[in-house]
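For the sequence shown, our numbering begins at -13 and goes up steadily by one.
Reviewing the structure listed below.
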Amino acid sequence: MTPTPTNFVQAIFSPRVSTTYELVNHILTLGHDSIWRRRAAKLAAVAGGTQWADVCTGTGEMAVCLSRLAPQGTTVHAVDFSRPMLEVARKKRAARNIVFVVSDVKALDFDDDSLDLITIAFATRNINLNRNVLIRTFTEFRRVLKPEELSNIMARAGFEDVTCTRLLFGIAAIHQGIKP
């Protein structure tokens, strides 16, 4: 039986790799990966909301960055399909307020419209097995993300073809609807 691409990627992040993963990233990027994660977390946190998820979290570095920025009452989920990677993440002192979820990004264990924010750091390369897989994964992200509230209000008020264009990472948005 030929292994599926997902099983192959999952096998890469075995218990042996999980213990050295962060160190290798730090060495290969000259420590910039930590700086980039903190910067991305700051940009993402602007979106607000109370349900955040870092998918393909690995050893949880991005989830930890998010949890440090999360307002009180916000739940940060660290999602990965590799149990060994999540075990490394769970052991971090800064991860005590993070909820860990074992799930594949192509079939997330969240209800529709349930998350306010999704981050993914340095893992797009792992889910980019082919164009269709990448589209399926981002479609799944869209499924679990909450729709913009004003867009829903406009649609309930009777506008059609409602669109929302976010500006400057969600700080502002352009909402458009057509009166039927």
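Where a beta carbon is used, it is the ideal one built from N, C-alpha and C, also for glycine.
Margin query: How far does the beta strand (DSSP E) with A39 in it extend, from its first residue to its last?
Written below: In the sequence shown, the residue the question calls residue 39 occupies position 53. Per DSSP, A39 belongs to the beta strand (DSSP E) from Q37 to V41.
Next item on the list: Could you give the DSSP three-state label for T45: helix, strand or coil?
Entry: Here residue 45 refers to the residue found at position 59 of the sequence shown. Correct three-state label for T45: coil.
Note to self: Just to confirm before moving on: does the CB-CB distance between K165 and F145 stay below 8 Å?
What the structure shows: Residue mapping note: residue 165 aligns to position 179 of the sequence shown, counting from 1. Residue mapping note: residue 145 aligns to position 159 of the sequence shown, counting from 1. Contact flag set, yes.
Item checked: L115 versus V91 - alpha carbon distance -> For the purposes of this step, residue 115 is taken as the residue at position 129 of the sequence shown. For the purposes of this step, residue 91 is taken as the residue at position 105 of the sequence shown. Between L115 and V91, the C-alpha separation is close to 13 Å.
Margin query: I'd like the ranges of any alpha helix (DSSP H) spanning at least 4 consecutive residues and lying wholly in the stretch 55 to 98.
Written below: As for any alpha helix (DSSP H) of minimum length 4 sitting wholly inside the stretch 55 to 98, the runs are 69 to 76, ordered along the chain.
Check: What are the residues that DSSP puts in a beta bridge with C51?
Finding: Position 65 of the sequence shown, counting from 1, holds the residue named residue 51. C51 is not bridged to any residue.
Notebook entry, point to check: Is DSSP giving D147 helix, strand or coil here?
Noted result: Numbered from 1 along the sequence shown, position 161 holds the residue referred to as residue 147. Reduced to three states, the DSSP call for D147 is strand.
Next item on the list: Report, in whole angstroms, the separation of the C-beta atoms of V65 and S100, which I expect to be a contact under 8 Å.
Entry: The residue given as residue 65 occupies position 79 in the sequence shown. The residue given as residue 100 occupies position 114 in the sequence shown. V65 to S100, Cβ: 12 Å. No contact.
Notebook entry, point to check: By Cβ distance below 6 Å, which residues in the same chain neighbour A31 in space, the five residues on each side in sequence not counted?
Noted result: Here residue 31 refers to the residue found at position 45 when the sequence shown is read from its first residue. Around A31: L55.
Item checked: Contacting residues, own chain, Cβ-Cβ under 6 Å from A80 (five flanking each side not counted) -> For the purposes of this step, residue 80 is taken as residue 94 along the sequence shown, with counting starting at 1. The answer, listed in chain order, is V50.
Check: Given a threshold of 16 other Cβ atoms within 10 Å of its Cβ, counted over all protein chains shown, does R23 qualify as buried or as exposed?
Finding: In the sequence shown, the residue the question calls residue 23 occupies position 37. Under this definition R23 is a buried residue.
Note to self: Quick check on the DSSP output: the alpha helix (DSSP H) that includes T125 runs from which residue to which?
What the structure shows: For the purposes of this step, residue 125 is taken as the residue at position 139 of the sequence shown. Per DSSP, T125 belongs to the alpha helix (DSSP H) from R117 to V130.
Checklist line | Residue interval of the beta strand (DSSP E) (run including T15) | finding: The residue given as residue 15 occupies position 29 in the sequence shown. That residue, T15, is in no beta strand (DSSP E); it is neither H nor E in DSSP.
Notebook entry, point to check: Which residues bound the beta strand (DSSP E) around L103?
Noted result: For the purposes of this step, residue 103 is taken as the residue at position 117 of the sequence shown. Note, L103: beta strand (DSSP E), L103 to I106.
Notebook entry, point to check: DSSP puts I160 in a beta bridge; with which residues?
Noted result: By one-based count along the sequence shown, residue 160 stands at place 174. Per DSSP, T151.
Checklist line | CB contact flag (W38, L52, <8 Å) | finding: Within the sequence shown, residue 38 is the residue found at index 52, counting from 1. Within the sequence shown, residue 52 is the residue found at index 66, counting from 1. Yes, the Cβ-Cβ distance between W38 and L52 is below 8 Å.
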